[in-house]
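Enquirer: Handing you a structure now.
Protein chains: 2
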Amino acid sequence: MNPTIELLKSHRSIRKFTDQPVSRELLEELVSAGQAAATSSHVQAYSIIHVKKPDNREAIAELAGGQRYVATCGAFLVFCADMKRPTEAAERTGARVVRGMTEQLLVASVDTALMAQNMAVAAESEGLGICYIGGIRNNPQQISDLLGLPEHVYPVFGMCLGYPAHDPDVKPRLPVEAILKEDSYQDDSELVAVFDDAMHAYYQSRRGGPKDSNWSQNLTPLFDTKLRPHMRDFLVKRGFEMK
Amino acid sequence: MNPTIELLKSHRSIRKFTDQPVSRELLEELVSAGQAAATSSHVQAYSIIHVKKPDNREAIAELAGGQRYVATCGAFLVFCADMKRPTEAAERTGARVVRGMTEQLLVASVDTALMAQNMAVAAESEGLGICYIGGIRNNPQQISDLLGLPEHVYPVFGMCLGYPAHDPDVKPRLPVEAILKEDSYQDDSELVAVFDDAMHAYYQSRRGGPKDSNWSQNLTPLFDTKLRPHMRDFLVKRGFEMK
Chain F
1 MNPTIELLKS HRSIRKFTDQ PVSRELLEEL VSAGQAAATS SHVQAYSIIH
51 VKKPDNREAI AELAGGQRYV ATCGAFLVFC ADMKRPTEAA ERTGARVVRG
101 MTEQLLVASV DTALMAQNMA VAAESEGLGI CYIGGIRNNP QQISDLLGLP
151 EHVYPVFGMC LGYPAHDPDV KPRLPVEAIL KEDSYQDDSE LVAVFDDAMH
201 AYYQSRRGGP KDSNWSQNLT PLFDTKLRPH MRDFLVKRGF EMK
Chain P
1 MNPTIELLKS HRSIRKFTDQ PVSRELLEEL VSAGQAAATS SHVQAYSIIH
51 VKKPDNREAI AELAGGQRYV ATCGAFLVFC ADMKRPTEAA ERTGARVVRG
101 MTEQLLVASV DTALMAQNMA VAAESEGLGI CYIGGIRNNP QQISDLLGLP
151 EHVYPVFGMC LGYPAHDPDV KPRLPVEAIL KEDSYQDDSE LVAVFDDAMH
201 AYYQSRRGGP KDSNWSQNLT PLFDTKLRPH MRDFLVKRGF EMK
């Protein structure tokens with residue numbers, strides 16, 4: 001296992017941070033490393049809002065479901081899928097631009113995620129800890145208003161960055177054999193059952209305190225309700241019409 | 001710049017590969033590193049199809065728009081957003097599961113991208129080259145049929161992996177100041193103009209042969225037509241109904 005792979009495999013979300021700030025210079029270096037990720041047709045369909053105003057960080061912490069570390073981490077970023085920049089660039093060349101295609105939503109969301117993950121790796125290579133904040137999508141309209149996001153830009157997730165003040169366990173993952181399938185899709189429910197036992201054992205022994213659950217049980221509240229049912233209307237309103 | 005950041009910044013797509021195969025052992029190591037990426041609520045909403053059958057690789061190379069390296073690279077993978085595994089796991093606990101939410105499409109697509117990007121970094125750290133194949137979405141239904149993808153699973157992109165047989169230039173990216181915005185969204189069209197000049201100079205001098213274009217001009221064919229207009233119906237048919 002080379003040191004990079006070792007770094008990747010040591011990832012865990014960090015939610016407690018020291019007071020040490022993240023310098024602007026380091027942040028720019030991390031963004032630059034993020035941008036080096038592959039991008040669909042070179043479109044670079046993303047922007048990052050570095051939220052510095054304490055009031056906005058407090059507000060977003062609440063809007064994201066009461067996640068205090070959004071307000072307390074060294075640097076808080078909102079990663080946005082940005083179809084405004086590339087479509088307006090094409091428009092300035094004289095093109096008649098078509099917007100709102102489902103494919104454009106996918107391209108921008110995937111581009112944003114690839115860039116963010118490169119940035120997460122870069123941050124961890126510098127000794128920082130990170131935590132993705134999907135809770136941004138709990139109240140995406142209010143957060144878009146706070147950050148002055150224009151049409152054709154939507155907040156995909158946030159990221160807390162900072163120097164770790166705790167050392168949580170690395171959470172197990174599904175067995176590789178469940179994920180990596182040969183030539184065609186094969187059912188993996190037996191491997192899920194094995195993983196449920198492994199997760200149950202993990203929850204019993206983890207340093208963060210025991211919990212009586214497994215993977216499948218943990219997923220139930222995600223899927224027995226309409227998950228973030230506002231997302232469709234929100235995206236349409238922002239110009240991602242999923243045509 | 002630490003060695004990991006140096007590695008990230010040296011990324012360029014590789015499209016010519018030596019005959020050296022990618023071992024199963026290495027592939028599993030890379031997938032395992034990929035899985036270590038953050039995943040929304042631990043849902044791990046992805047599967048990878050390792051396409052080994054030569055006939056299927058030939059077919060996918062054509063279906064993806066005539067990309068020969070899909071057939072000739074060391075290993076070809078199709079990354080799928082997989083909502084089948086987690087929703088069925090929740091269902092087996094007795095939950096009444098809601099499917100087809102727009103948010104589920106986003107979660108699965110982003111999860112897949114984070115995992116793939118970790119895997120790309122791991123591959124490059126082992127001296128491999130990679131190339132994402134978004135062309136998978138040119139004919140996603142045919143490719144889904146070839147790979148026997150069930151409902152609630154869709155192919156997001158492919159990835160070619162192998163040992164590089166060429167050494168292309170690293171492609172420039174937008175200036176960091178365009179991507180990283182402070183506290184609120186600011187227009188960056190002036191920075192785009194600067195970048196257009198930089199890209200024009202790059203295309204004139206790149207080792208792959210000169211081209212008279214810039215970033216904005218290059219984007220025009222992406223946006224002056226309905227980009228992959230089949231995607232909406234395809235996703236709906238697969239159970240990603242964007243409700």
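Going down the list, the sequences are from chains F and P.
Once you know that position 151 of the first sequence is 151 in the UniProt record's numbering, the rest is easy, because the numbers rise by one and skip nothing.
Once you know that position 144 of the second sequence is 144 in the UniProt record's numbering, the rest is easy, because the numbers rise by one and skip nothing.
For glycine and all other residues, C-beta sits at the position ideal for the given N, C-alpha and C.
In three-state DSSP terms, what is F/M159?
Expert: Correct three-state label for F/M159: strand.
Enquirer: Of all Cβ atoms in chain F, is any one closer than 8 angstroms to the Cβ of residue 244 of chain P?
Expert: Lying outside 1 to 243, the shown extent of chain P, residue 244 of chain P is not represented and no answer is given.
Enquirer: Determine which residues of the region 163 to 183 of chain P have a Cβ less than 8 angstroms from any Cβ of chain F, and write them out in chain order.
Expert: V170, K171, R173, L174, V176, A178, I179, L180, K181, E182, D183
Enquirer: Can you grab the Cα-Cα spacing for the pair P/P210 / P/H200, in whole Å?
Expert: 9 angstroms
Enquirer: Looking at the C-beta of P/Q35, does it have a partner C-beta in chain F at a distance below 8 angstroms?
Expert: For P/Q35, the answer is yes, since a Cβ of chain F falls inside 8 angstroms of its Cβ.
Enquirer: Where does the unbroken beta strand (DSSP E) through P/G129 begin, and where does it stop?
Expert: 129 to 133
Enquirer: For F/A33, name the three-state secondary structure that DSSP assigns.
Expert: helix
Enquirer: Can you give me the start and stop residues for the beta strand (DSSP E) that F/K181 sits inside?
Expert: Here the beta strand (DSSP E) through F/K181 covers 180 to 182.
Enquirer: Can you tell me whether DSSP reads F/P164 as helix, strand or coil?
Expert: strand
Enquirer: If contacts are defined as beta-carbon pairs under 8 angstroms, then F/A75 and F/A61 qualify, I think. What distance do you get, rounded to the angstrom?
Expert: Going by Cβ atoms, the distance from F/A75 to F/A61 rounds to 14 angstroms, so no, they are not a contact pair.
Enquirer: Confirm, please, whether the CB-CB distance from P/I48 to F/L180 is below 8 angstroms.
Expert: Going by C-beta atoms, F/L180 is nearer than 8 angstroms to P/I48.
Enquirer: Between P/D145 and P/E177, what straight-line distance do the alpha-carbon atoms span, to the nearest angstrom?
Expert: 44 angstroms
Enquirer: Please state whether DSSP places P/Y46 in a helix, a strand or coil.
Expert: P/Y46 falls in the strand class under three-state DSSP.
Enquirer: Comparing C-alpha positions only, which one of P/G127, P/L30, P/H11, P/L106 sits nearest to F/A36?
Expert: P/H11
Enquirer: Grouping DSSP H, G and I as helix and E and B as strand, with all else coil, what is F/A95?
Expert: coil
Enquirer: Determine which residues share a DSSP beta bridge with F/F17 and list them.
Expert: F/P164
Enquirer: P/L128 and P/L105: beta carbons closer than 8 angstroms?
Expert: no
Enquirer: Output needed for P/D188: all residues of its chain with C-beta closer than 7 angstroms, excluding positions within five of it in sequence on either side, in chain order.
Expert: These residues qualify, in order along the chain: A178.
Enquirer: Does F/P210 come within less than 8 angstroms of chain P when only Cβ atoms are used?
Expert: So, not an interface residue.
Enquirer: So, F/A90 versus P/F223, is the Cβ gap smaller than 8 angstroms?
Expert: yes
Enquirer: Hey, would you say F/K16 sits closer than 8 angstroms to P/H42, going by beta carbons?
Expert: no
Enquirer: Could you tell me which uninterrupted beta strand (DSSP E) segments, each at least 3 residues in length, are contained entirely in the region 38 to 90 of chain F, listed from first to last along the chain?
Expert: 46 to 51, 75 to 82
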